[in-house]
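Numbering-wise (numbering that gives the first Met the number 0), the sequence shown opens with residue 0 and increments by one. C-beta: ideal position from N, C-alpha, C; glycine also. Computed from a predicted structure; not experimentally measured.
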Amino acid sequence: MLGSLSLQSPAVMGILNITPDSFSDGGKLNSVEAACAQARSMAAAGASLLDIGGESTRPGALDVSLAEELQRVIPVIEAVRKVVDLPISIDTSKPEVMREAVAAGALMINDVMALQAPGALQEAARLNVPVCLMHMQGQPRTMQNSPIYADVAADVTAFLSERVAQCVQAGIRREQIVVDPGFGFGKALAHNVELLANLRTLQQLGLPVLVGLSRKRSLGDLTGKGVDARLPASLSAATIAVLNGAAIVRAHDVGETVDALRIVSAVMEAAI
Ligand code: 9MG
């Protein structure tokens with residue numbers, strides 16, 4: 000269990016990005032309505048939780064001010080929790096956004112900076128909600144400039160192990176922690192492939208593993224497909240991740256991912 004979320008079978012976390020380019024008109028009210036419609040459709044498609052974020056973490060993305068991030072995500076969290084009965088996770092690295100999002104109804108923190116921003120660790124401990132700690136080498140703007148690892152799976156595991164220890168020291172219970180290798184975050188194509196192949200290395204932490212591979216650039220590099228044509232590659236990557244121990248899959252295409260993981264679960268349960 001992770002809060003109210005059962006991890007008996009693989010869970011799909013639906014991605015709800017609230018950035019100006021996420022919804023066609025970019026208008027505030029319509030963004031809330033569009034986000035609610037998307038949340039309903041993801042719930043109907045079998046999502047187990049929703050990840051709401053107001054700052055793009057794509058390579059090269061620009062920073063968003065605190066005020067802007069709050070303005071994007073808080074009205075959406077308040078509205079979405081009224082229309083779907085699913086746990087909401089807040090995708091942020093800012094302690095103030097964590098605090099306001101939890102007050103608005105978010106039940107989990109998803110931090111691509113693994114609570115390393117000033118004040119984030121203390122705020123997450125105070126809020127007493129589950130946290131997802133993700134590995135990233137470098138910063139979003141520059142992270143894809145020649146990342147270097149000795150052994151990517153071992154290096155990522157060592158980093159996450161250290162962050163888990165810091166969290167526990169700050170008062171976050173181990174049962175509240177999820178770890179994520181951060182596919183695409185400061186990793187070259189070969190690193191992402193090696194990490195997926197050796198995802199089981201992370202199991203030594205004894206914590207649920209979350210992965211985000213959906214539509215990512217490495218899948219485009221391997222298939223030659225643009226972002227809108229990466230569904231088959233995303234499903235294939237999600238399948239491999241779950242076979243290699245992932246408990247939660249962060250995905251744009253919820254229904255398709257749920258179906259793919261049902262097959263994986265059935266086969267894994269039948270294995271002797
Ligand atoms: C916000 N975000 C974008 N990609 C992600 C990933 O792979 N994992 C997590 N936890 N968050 C992500």
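Query	Result
Buried or exposed (CB count within 10 angstroms, at least 16 for buried), Val-266	exposed
Residue range of the beta strand (DSSP E) that includes Gln-133	Note on residue identity: the sequence assigns Met, not Gln, to residue 133. Start and end: 130-133.
Touching by the beta-carbon criterion (3+ pairs, under 8 Å), the region 150-157 and the region 73-80	no
Sub-9 Å separation of Ser-217 and Leu-188 beta-carbons	yes
Inside the region 104-166 only - beta strand (DSSP E) runs reaching at least 3 residues	107-110, 130-133
Residue span of the alpha helix (DSSP H) that contains Ser-233, given as start and end	230-242
Chain-ordered residues, beta carbon under 6 Å from a heavy atom of ligand 1	Gly-52, Thr-56, Asp-90, Asn-109, Val-111, Cys-131, Met-133, Asp-179, Gly-181, Phe-182, Leu-209, Gly-211, Arg-249
Simplified DSSP assignment, three categories, for Ala-245	coil
Residues that DSSP places opposite Ser-88 in a beta bridge	Asp-50, Met-107
DSSP beta-bridge partners of Ile-262	In the DSSP output, where bridge partners are listed per residue, Ile-262 has none listed.
Straight-line gap, Ala-196 to Leu-260 (C-alpha atoms, nearest Å)	18 Å
Proximity winner among Gly-13, Met-12, Ser-30, Phe-184, relative to Pro-19 (alpha-carbon distances)	Ser-30
Cut-off 8 Å between Cβ atoms - residues of its own chain near Val-96, not counting five sequence neighbours on either side	Gly-53, Leu-65, Glu-68, Leu-69, Val-72, Ile-89
For Asn-16, three-class secondary structure by DSSP	strand
DSSP bridge partner residues for Asp-179 (one or two, in chain order)	Met-133
Contact check, Leu-204 vs Val-178, beta carbons under 9 Å	yes
Cβ pair Val-287, Pro-231 closer than 9 Å	Outside the shown range of the chain, which is 0 to 271, sits residue 287, and nothing can be said about it.
Close Cβ partners of Val-63 (< 6 Å) along its chain, the five nearest in sequence each way excluded	Glu-54
Residues near Gly-25 by beta carbon distance below 7 Å, same chain, minus five either side	Only weak support is given to the placement of Gly-25: the predicted model assigns it a pLDDT of 45, under 50, and the value that follows is read from those uncertain coordinates. Only Pro-19 meet the Cβ criterion.
Proximity of Ala-113 and Lys-93 at Cβ, strictly below 9 Å	no
Closest by C-alpha distance to Tyr-148, when choosing among Leu-85, Ala-42, Val-263, Glu-193	Glu-193
Cα-Cα separation between Ser-264 and Gly-45, rounded to whole angstroms	15 Å
Bridge-paired residues (DSSP) for Val-210	Val-248
Pair within 9 Å by beta-carbon distance, Leu-49 and Pro-129	no
Continuous alpha helix (DSSP H) stretch holding Asp-220: start and end	216-222
Leu-1, DSSP secondary structure in three states	strand
Residue closest to Ala-250, alpha-carbon to alpha-carbon, out of Gly-211, Gly-225, Asp-227, Ile-271	Gly-211
Three-way DSSP call (helix, strand, coil) for Ala-38 in this model	helix
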